[in-house]
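So the sequence shown is numbered by this note's numbering: it starts at 10 and just counts up by one.
Built from N, CA and C at the ideal position, the CB exists for glycine as well.
Computed from a predicted model, the values in this text were never measured in an experiment.
Okay, structure first, notes after.
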Amino acid sequence: MSEIEGPVEAQAAPPATTATTRGWMIPAIIGSAMLMQTLNATVISNALPTMAKALDEDPLRLNLAITMFLLASAVFLPISGWVADKFGAKRIFMIAMVLFALSSAACGFAQDLNQLVIARIFQGMAGAMMGPVGRLVLLRTTPKNELVGAMSVLTMPALLGPVIGPVVGGAIVTFFDWRWIFFMNLPIAVAGVLLVRAYVPNVKEQDVSPIDWIGILLTGLGLAGLIFGFENIGRDALPPGVVAALFLGSIAALVAYRFHAKGNPHAIIDLSIFNLVTFRASVIGGAFMRVAMGATPFLLAMLLQIGFGLSAFQAGLMTFISAAGALVMKTTAPPILRRYGFRTVLLVNAVIVGVSFMAYGLFKPSTPHWIMLAVLAIGGFFRSLQFTSLNGLAYAEIEQHQMSRASTTSSMAQQLVQSIGIGLAALLLHMLMVAQGQTQMTAATIAPAFVIIGAITFISILFFIPLPKNAGDEMNGRASS
């Protein structure tokens with residue numbers, strides 16, 4: 010497959026089209042810009058208990074600030090691919106970075122939970138453009154046999170967020186004001202915009218299909234109802250009838266979209282790509298992994314700070330090792346995939362990842378810190394391999410003209426299941442407290458949630474088994490080796 014196929018126009022400076030720039034500079038710059046998102050996500054998870062105390066809110070209720078960010082992202086993701094095709098991915102990517110930084114500043118100035126949630130919604134809208142549009146630039150400027158390596162480079166700067174986020178966020182909320190966890194996005198945005206403007210090509214479709222307003226409305230209503238309904242299960246914030254209506258309404262909207270999209274060449278989300286076994290395994294099978302990924306930072310913050318009594322800074326130092334293990338894996342993922350192939354790696358690694366999630370539930374206040382650090386490092390290492398494999402496999406059978414919608418659909422699914430993971434974690438804690446007759450969270454309340462979350466990840470194996478042995482070989486170079 011050529012570097013750019015189909016009706017694609019690359020408005021790039023000559024240096025941006027060289028193999029060296031394409032190989033590491035473009036994915037590194039895009040990943041660095043996306044650092045804002047990952048840094049923001051990990052910092053706020055670790056800072057929730059401190060923020061809740063400052064805003065005089067319950068920590069479980071403050072979880073709404075995370076959920077609403079992901080909800081806004083999921084609702085606005087469907088339009089991101091069309092906007093990038095219409096106005097140019099590079100331009101939209103830079104605008105999204107600026108809007109993300111401004112909404113981050115608004116979060117920092119929030120005086121109560123309502124103001125914080127509103128600012129987080131706008132932050133989620135900007136994030137909805139930043140992730141898939143950045144990935145779209147990479148997909149359209151990288152040959153398939155280089156894509157796994159390029160995606161590893163793309164995610165390395167983004168992984169710095171989880172590496173430094175817990176430590177930086179913990180230090181800020183422990184020694185300074187929690188508001189600075191949002192203000193620190195501003196210099197990152199300035200540097201990101203300047204680098205993208207200088208080096209990243211503007212890849213744009215020449216013939217853009219008409220925008221599917223009906224599809225956007227149906228998917229938006231469906232996803233919003235699903236996530237918001239899940240957020241309110243068992244919370245007593247809304248009457249049970251209203252929560253049930255949210256679920257029924259969301260299901261009706263998504264079913265209506267399925268009929269709307271059938272045979273519609275301009276549908277905002279192309280459901281036909283789910284007929285591809287590799288895309289289906291990556292998105293649907295990977296969803297059970299990403300549920301745990303969304304739940305774990307929240308659960309770890311609750312366990313280490315509320316259950317074990319550690320400060321936010323101490324908890325950040327503990328979780329630092331998990332992200333550091335993930336960062337190390339990024340350099341070893343391509344050769345592992347070339348040696349064993351996607352199917353074998355995903356099957357074996359799914360068991361390792363699931364067990365590592367469950368092992369977090371064995372932590373106790375008396376557990377030596379070196380044992381916790383070892384388990385967290387191993388979990389981060391193999392979890393990173395799993396998500397690198399899933400992200401690469403998604404595009405194994407996707408043609409160039411499908412890249413925009415495939416990137417949008419994959420990103421939307423990831424945001425949706427991560428938000429479900431966070432909502433599920435909060436729901437599990439609430440149910441465990443009720444079952445144990447407790448009014449406050451303890452380590453004994455939180456630990457079983459890790460076992461349940463870890464068990465859910467094993468469902469993904471059912472989607473990896475049908476994969477052919479040579480699935481994705483074109484992506485990792487096995488086909489030509």
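Measure the CB-CB distance between residue i and residue j and report whether it falls below 8 Å.
i: T76; j: I236; result: yes
i: L326; j: V176; result: yes
i: V202; j: M139; result: no
i: V495; j: K95; result: The question about residue 495 has no answer here: the residues shown for the chain are numbered 10 through 490.
i: A110; j: N49; result: no
i: D482; j: G350; result: yes
i: A321; j: P58; result: yes
i: G133; j: R188; result: no
i: L438; j: M450; result: yes
i: A368; j: V357; result: no
i: Q314; j: A324; result: yes
i: R352; j: L476; result: yes
i: F459; j: F390; result: no
i: I330; j: L382; result: yes
i: F473; j: G363; result: no
i: S291; j: V354; result: no
i: G303; j: V126; result: no
i: R129; j: A74; result: yes
i: G143; j: I53; result: no
i: L402; j: I345; result: no
Skipping 5 residues on each side, what residues in its chain have a beta carbon closer than 7 Å to that of residue i?
i: L86; result: A137, P141, T417, S420, M421, Q424
i: L255; result: G234, F237, G238
i: V251; result: none
i: S469; result: G294, G295, F297, M298, A359
i: A22; result: Only weak support is given to the placement of A22: the predicted model assigns it a pLDDT of 38, under 50, and the value that follows is read from those uncertain coordinates. Contacts found: none.
i: L433; result: V300, A304
i: Y266; result: G224, L227, T228, G231
Determine the burial state of residue i: buried for a count of at least 16 other Cβ atoms within 10 Å of its Cβ, exposed for fewer.
i: L232; result: buried
i: R348; result: exposed
i: E406; result: buried
i: I380; result: exposed
i: A56; result: buried
i: L309; result: buried
i: A25; result: With a pLDDT of 41 at A25, under the threshold of 50, the modelled position of that residue is not reliable, and no figure is offered here.
i: Q445; result: exposed
i: Q120; result: exposed
i: L371; result: exposed
i: P306; result: buried
i: A276; result: buried
i: L268; result: Per the sequence shown, the amino acid found at residue 268 is Phe instead of Leu. By the 10 Å Cβ count, F268 comes out exposed.
i: A453; result: exposed
i: N400; result: buried
i: F78; result: buried
i: N241; result: buried
i: P210; result: buried
i: S82; result: buried
i: G318; result: exposed
i: S89; result: buried
i: L471; result: exposed
Among the residues of its own chain, which have a CB less than 6 Å from the CB of residue i, if the five just before and after it don't count?
i: I260; result: none
i: A61; result: P68, L71
i: L257; result: none
i: A262; result: L227, L230, G231
i: L108; result: A135
i: G283; result: The amino acid occupying residue 283 in the given sequence is Phe; Gly does not appear at that position. Closer than 6 Å at Cβ, skipping near neighbours: R289.
i: V182; result: A56, T59, A321
i: F191; result: S113, C116, G117
i: A536; result: Because the chain in this structure spans residues 10 to 490, residue 536 falls outside the shown range and cannot be described.
i: V84; result: G229, L232, A233
i: L285; result: E406
Quick one: what's got a C-beta closer than 8 Å to residue i's C-beta in the same chain, skipping five residues either side?
i: D279; result: A270, Q411, R414, A415, T418
i: L273; result: Correcting the residue type first, residue 273 is Asn in the shown sequence and not Leu. Closer than 8 Å at the Cβ level, and outside the excluded window around N273, lie D221, G224.
i: A200; result: S41
i: D65; result: none
i: I461; result: L437
i: I101; result: S89, V92, A93, M138, V142
Quick check: is any heavy atom of the ligand FMN less than 7 Å from the C-beta of residue i?
i: P210; result: The ligand FMN is not part of the structure shown, which contains no ligands of any sort.
So is residue i in contact with chain B if we call contact Cβ pairs under 8 Å?
i: L48; result: Absence of chain B from the displayed structure is noted, only one protein chain being present.
**Asked** For the region 215-278, which segments carrying the alpha helix (DSSP H) assignment without a break, of at least 4 residues, lie completely within its bounds, in sequence order?
**Response** Counting only runs of 4 or more, we get 222-240, 249-270.
**Item:** Uninterrupted alpha helix (DSSP H) stretches inside the region 341-416 (no shorter than 4 residues)
**Value:** As far as the region 341-416 is concerned, its whole alpha helix (DSSP H) runs of at least 4 residues are 351-368, 378-402.
**Whole runs of the beta strand (DSSP E) within the region 285-335, excluding any shorter than 3 residues** = The region 285-335 contains no whole beta strand (DSSP E) run of 3 or more residues.
**Asked** Along the chain, which unbroken stretches of the alpha helix (DSSP H) at least 4 residues long are found entirely within the region 48-132?
**Response** Fully enclosed alpha helix (DSSP H) runs of 4 or longer: 68-71, 73-96, 98-117.
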